[in-house]
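Novice: Before I ask anything, let me first share the structure, which is written out below as structure tokens.
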Amino acid sequence: MGRTLQNTMINLGLQNACDEAVYQLGLDMEELEEIEEDAGLGNGGLGRLAACFLDSMATLGLAAYGYGIRYEYGIFNQKIRDGWQVEEADDWLRHGNPWEKARPEYMLPVHFYGRVEHSASGAKWVDTQVVLALPYDTPVPGYMNNTVNTMRLWSARAPNDFNLRDFNVGDYIQAVLDRNLAENISRVLYPNDNFFEGKELRLKQEYFVVAATLQDIIRRFKASKFGSTDSVRTVFDSFPDQVAIQLNDTHPAMAIPELMRIFVDIEKLPWDKAWDITKKTFAYTNHTVLPEALERWPVDLVEKLLPRHLQIIYEINQRHLDHIASLFPDDVERLRRMSLIEEGDTKRINMAHLCIVGSHAVNGVAKIHSEIVKTQVFEDFAELEPEKFQNKTNGITPRRWLLLCNPGLAELIAEKIGEDYVRDLSQLTKLHEFVDDDLFIREVAKVKQENKVKFALYLEKEYKVKINPSSMFDVHVKRIHEYKRQLMNCLHIITMYNRIRRDPAKLFVPRTVIIGGKAAPGYHMAKMIIKLINAVAQVVNNDPMVGSKLKVIFLENYRVSLAEKVIPATDLSEQISTAGTEASGTGNMKFMLNGALTIGTMDGANVEMAEEAGEENLFIFGMRVEDVTELDKKGYNAQLYYDRLPELKQAVDQIKSGFFSPKEPNLFSDVVNMLFHHDRFKVFADYEAYVKCQEKVSELYLNSKAWTKMVIKNIAAAGKFSSDRTIKEYARDIWHVEPSDLKIPPPNEPRDAGQDKTPNGTAA
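Residue 668 in full-length UniProt numbering sits at position 668 of the sequence shown, with consecutive numbering throughout.
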């Protein structure tokens, strides 16, 4: 979520009033804003997407709730010591959190372990351990519409009789200390992005958020006028008309068997009725195609922790496979591929398969990704129910990612096309009229230059590094991962360095290359990549032959509040994942909206950005998905590229020989070995095209006017990438609710006429 103060002032239309009032008190608002901690309760794109979606849902007047876990420790703080990443705990609640309100009156029990008893009256889950889920509510204000939605985050609490009930003669002190065991559930965020780690505590977290949330939803449904209650039992027929639940990846997939358990075991609905309601309620968004990221929980672990849920999953699977067998008799291979249970050394539950079978809609997050989901990853399922599979291209909120972080540009745009674009970003197309307006071109360039100077000052103040604000700011910020190919950027830096040294007199377009992002603490290769970037920076930044022509900065502790500073100052946005690996990306959209040009592959939403702006207005290079597939069939041989390309050979040899690590010549042998022998992401295969494309970037940068014209064309084409557009599509195609652009009367005005204007609909 990042910081909340400025976003709240903007959405309430109070920023100028607050700035002025605080100034009158002899304080500086910007200084105040810098004191707030980021809420870093997610890892990367997936968590930030949810935050943008909450902003858009409130702005569109949808009755929506965001549910999650109130981690005591969020994503770690990253320190760079001697070029290595070092993790520190993110104690973000240390000074309290003024935006949250504890709601003990809505506390709910969550059960773990135990066993299942079967009887004539049905199954009963007994002898369980209970953990309490305490909700904390954070307001989510819509933009200038007097709507405030809720983000409800659950915190784990031990019940007061924890370890003290039963025949416990034992140690009272120890029993109280053991309360930590229960409360550890919400202690810390697992810091993996695009990687599955099958730990028991993580499964507990996933079930914890699911069980608490579903009880909350059902409590609200029963209390509403729709859940017409006869004294004994609620009629749940209208449930899917009142409730839509969107699964943000497979992490909350246990919601499917949990809702079935509530309907069948507790509410005593017949299986078929319960299953029909469940499927109509859930929809699933897939966020990645990387096999190592797909959740596959060991059956033994689920059996120990959630025995009843395992039985329900087996029953779901049996009925699912019976159905497929009836359509494809004797196709045992298809049954194996489509089963929710994977046989092998350890039997595992494929959570994506559970989500597909248990949902009425499945979507990818960019056109190209949704195609890959349909034709490759889940092709058997798409063949069975093609109508279930959709696309919903990701978006970003223009409130945080333009108004808040780049007020200069936002104001400049408003001067030309009015202020309405903030709620309807498609209006940015009106900027096409000004592509040849010399004054506007100069003003856009001026805003960018001011942002660059401001960021350079920040870097100097915080990190004691001096950079040249007239150099091209070439920025690569995102989680560190092999598929995102920070290594390819690193090879380009070394190539530029070698060119400067080979011919110091030759014209060179000065660059400041800024790379930032966190590596998962257990991801050895990602940590080596950080060390390599810092080692290269050390050499490049201290070579007198290079001077101010090339500077390399590793941006420490990349997070939302730092993104808000670096993105508006960026000239060139690096989006260089191997085609077919980045589901969508959203940083790409933030840079486009803030006046950077993109160098990128035809991957994720880059494809649609090129479609909107015209491919000639992005720097597109490298293999397409088809080329990658072709190369895989042929067999990727890194050695071939190394032998054929002298500049690549030189750069790799320098890494290998210890040119960048003279005290430890073999420091990067793991990296070099990976690049030659098991590089799944084919860095060498795109190197030549990347370097040539970068030459075209430098050439255009020399012509400031032509560069800025291209920038304006990009901004004018960025409208599609508002999360408002994305949420309207979810609302209409999946949740079946109508967004309302009605402004609720403010609380100080009478609410009579306004009452009828609030349409009833599904709560998402």
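By construction, the Cβ of each residue, glycine as well, lies at the ideal position given by its N, Cα and C atoms.
Rounded to the nearest angstrom, what separates Thr708 and Gly44 at their Cα positions?
Specialist: Distance between the alpha carbons of Thr708 and Gly44 is about 30 Å.
Novice: Does the distance from the C-beta atom of Glu342 to that of Arg296 stay below 8 Å?
Specialist: Yes, the Cβ-Cβ distance between Glu342 and Arg296 is below 8 Å.
Novice: Is DSSP giving Gly600 helix, strand or coil here?
Specialist: Gly600: strand per DSSP, three-state reduction.
Novice: What residue range is occupied by the uninterrupted beta strand (DSSP E) comprising Ala156?
Specialist: Looking at the DSSP string, the run of the beta strand (DSSP E) that includes Ala156 is Val148 to Arg157.
Novice: Please tell me whether Ala596 and Ser573 are closer than 8 Å, where the distance is taken between their beta carbons.
Specialist: Yes.
Novice: Identify whether Ser723 lies in helix, strand or coil by the three-state DSSP scheme.
Specialist: Helix, per DSSP.
Novice: Would you identify the three-state DSSP class for Tyr483, choosing helix, strand or coil?
Specialist: Residue state, collapsed to three classes: helix.
Novice: For a test of the three-state rule: what should DSSP assign to Ala520, helix, strand or coil?
Specialist: If DSSP states are grouped into helix, strand and coil, Ala520 belongs with coil.
Novice: Would Trp92 be called buried (16 or more neighbouring beta carbons within 10 Å of its own) or exposed?
Specialist: When all chains shown are included, Trp92 counts as buried.
Novice: Do you know whose CA, among Asp193, Leu310, Gln575 and Asp161, lies nearest Val477's CA?
Specialist: It is Gln575 whose Cα lies nearest to the Cα of Val477.
Novice: For Gly142, list the residues DSSP reports as bridge partners.
Specialist: Note: Gly142 sits in no beta bridge, so no partner.
Novice: For the stretch 290 to 364, which segments carrying the beta strand (DSSP E) assignment without a break, of at least 3 residues, lie completely within its bounds, in sequence order?
Specialist: List check, beta strand (DSSP E) in window: 296 to 298, 348 to 350 and 361 to 364.
Novice: Taking the alpha-carbon of Val652 as reference, which of Arg624, Ser339 and Cys490 has the nearest alpha-carbon?
Specialist: Looking at the Cα atoms, Cys490 is the closest of the given residues.
Novice: If you drop the 5 nearest sequence neighbours on each side, which residues of the same chain put their C-beta closer than 6 Å to that of Met57?
Specialist: If we look at Met57 and ignore the five residues flanking it on each side, its Cβ neighbours are Ala64 and Ile727.
Novice: With distance defined between alpha-carbon atoms, name the residue in Arg202, Ile372, Arg220 and Tyr314 nearest to Gln390.
Specialist: When each option's Cα is compared against that of Gln390, the closest is Ile372.
Novice: Taking just the CA atoms, how far does Arg732 sit from Glu379?
Specialist: Each residue's Cα considered, the two are about 25 Å apart.
Novice: How far does the alpha helix (DSSP H) with Trp275 in it reach, from first residue to last?
Specialist: Start and end: Trp271 to Thr281.
Novice: Hey, which unbroken runs of the beta strand (DSSP E) at 3 residues or more fall wholly within the stretch 10 to 40?
Specialist: None, since the stretch 10 to 40 contains no complete beta strand (DSSP E) of that length.
Novice: With a floor of 4 residues, list each alpha helix (DSSP H) that falls wholly inside the stretch 569 to 639, ordered by position along the chain.
Specialist: For the stretch 569 to 639, whole alpha helix (DSSP H) runs of length 4 or above, ordered along the chain, are 587 to 593, 606 to 613 and 625 to 634.
Novice: Beta-carbon separation of Leu290 and Val299 under 8 Å?
Specialist: Taking 8 Å as the Cβ cut-off, Leu290 and Val299 do not qualify as a contacting pair.
Novice: What residues in its chain sit with their C-beta under 8 Å from that of Tyr642, if we drop five residues either side in the sequence?
Specialist: Result list for Tyr642: Leu648, Lys649, Val652, Phe676 and Phe684, in chain order.
Novice: Which residue comes first and which comes last in the beta strand (DSSP E) that contains Glu87?
Specialist: Start and end: Trp84 to Glu88.
Novice: Run the CB neighbour count on Leu14, radius 10 Å, all protein chains shown included, and call it buried at 16 or more, exposed below.
Specialist: Exposed.
Novice: First and last residue of the beta strand (DSSP E) that includes Asp750?
Specialist: For clarity, residue 750 is Pro in the given sequence; the question names Asp instead. Unbroken run through Pro750: none, as it is neither H nor E.
Novice: As a quick exercise: from Asp127, Gln538 and Ala156, pick the residue whose alpha carbon is nearest that of Trp84.
Specialist: Of the listed residues, the one whose Cα sits closest to Trp84 is Gln538.
Novice: Hey, Leu340 and His360: beta-carbon distance below 8 Å or not?
Specialist: Their beta carbons are not under 8 Å apart, which means Leu340 does not touch His360 by this criterion.
Novice: Pick helix, strand or coil for Asn391, following the three-state DSSP scheme.
Specialist: Asn391: strand per DSSP, three-state reduction.
Novice: Should Glu664 be labelled buried (16 or more other beta-carbon atoms within 10 Å of its own) or exposed?
Specialist: Under this definition Glu664 is an exposed residue.
Novice: Just to confirm, is the Cβ distance from Gln427 to Ile441 under 8 Å?
Specialist: No; because the gap between Cβ atoms is not below 8 Å, this pair is not in contact.
Novice: Taking the straight line between their C-alpha atoms, what separation do you get for Met346 and Asn192?
Specialist: The displayed chain sequence assigns Thr, not Met, to residue 346. C-alpha separation (whole angstroms): 23 Å.
Novice: When we look at the beta-carbon of Gly635 and count the other beta-carbons within 10 Å, is it buried (16 or more) or exposed?
Specialist: It counts as exposed.
Novice: What is the rounded straight-line gap between the Cα of Phe681 and the Cα of His481?
Specialist: Straight-line Cα distance between these residues: approximately 10 Å.
Novice: Pull up the CB-CB distance for Leu532 and Met496, whole angstroms please, since I reckon it's below 8 Å.
Specialist: In fact, because the Cβ distance is near 16 Å, the residues do not count as touching under 8 Å.
Novice: Alpha carbon to alpha carbon, how far is Lys705 from Ile712?
Specialist: Those two C-alpha atoms are separated by around 11 Å.
Novice: Please classify His323: is it buried, with 16 or more other beta-carbons within 10 angstroms of its beta-carbon, or exposed?
Specialist: Exposed, because fewer than 16 other Cβ atoms sit within 10 Å of the Cβ of His323.
Novice: Closer than 8 Å is the cut-off here; do at least three beta carbon pairs connect the stretch 137 to 156 with the stretch 240 to 251?
Specialist: Because the criterion of three Cβ pairs below 8 Å is not met, the stretch 137 to 156 and the stretch 240 to 251 do not touch.
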